[in-house]
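One structure below.
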Amino acid sequence: MNAPDRYEKFVVPEGLEKISHEKDTKVPHAATFTIQREDHTIGNIVRMQLHRDNRVNFAGYKVPHPLEYQMLIKVQTNGDCEPKGAMQDALKDLQNEFSEIHASFMAEVQRVKQGSGGAAQMDYR
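In this text, residue positions in the sequence shown follow the working numbering: the first is 1, and each later residue adds one.
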């Protein structure tokens, strides 16, 4: 069978960086970020976070080919910051949001466990 091994979708090969970026020589204040071993899930989340930033003029992503386990994110800023700075800020903001979601989830799990003596009962309001 010609299908690649499943682990190749997730494990970044030795010597390959998870994220790399290349400045665009034709468009001012633009860069393309290559993220290894990720797909549309991460691409769309990062793109939407970049759109929240007023310094970002354009943010888009694509997966070049389904059998190439990489994603390209194109970012153009208005010049107030470099694309790399906008990407770092977006990733930091996402990390904070996910930490808050995790903390809220764990607090709710504790509340349910304590309220029911260990048996999970969910309040579907």
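Using N, Cα and C, we set each Cβ at its ideal position, and we do this for glycine too. All figures in this text were calculated on a predicted structure; none of them were measured in a lab.
With 16 other Cβ atoms within 10 Å as the buried cut-off, status of A103: Within the sequence shown, the letter at position 103 stands for residue 103. Flag for A103 reads exposed.
Go ahead and pull the three-state DSSP assignment for Y69. Residue 69 sits at position 69 when you count from the first residue of the sequence shown. Three-state result, Y69: coil.
From V109 to E38, what does the alpha carbon distance come to, in whole angstroms? Numbered from its first residue, the sequence shown carries residue 109 at position 109. Numbered from its first residue, the sequence shown carries residue 38 at position 38. For V109 and E38, the distance between alpha carbons rounds to 29 Å.
Can you tell me whether DSSP reads N21 as helix, strand or coil? Locating residue 21 in the sequence shown gives position 21, where the first residue counts as 1. First, the residue type needs correcting, since residue 21 is His and not Asn in the sequence shown. Correct three-state label for H21: strand.
Proximity to D80 [Cα-Cα], best of P28, K62, L16: If you number the sequence shown from 1, residue 80 lands on position 80. Minimum Cα distance to D80 is reached at P28.
Give every residue of the same chain whose Cβ lies closer than 7 Å to the Cβ of F10, excluding the five residues on either side of it in the sequence, and list them in chain order. Here residue 10 refers to the residue found at position 10 of the sequence shown. Taken in chain order, the residues that qualify are R37.
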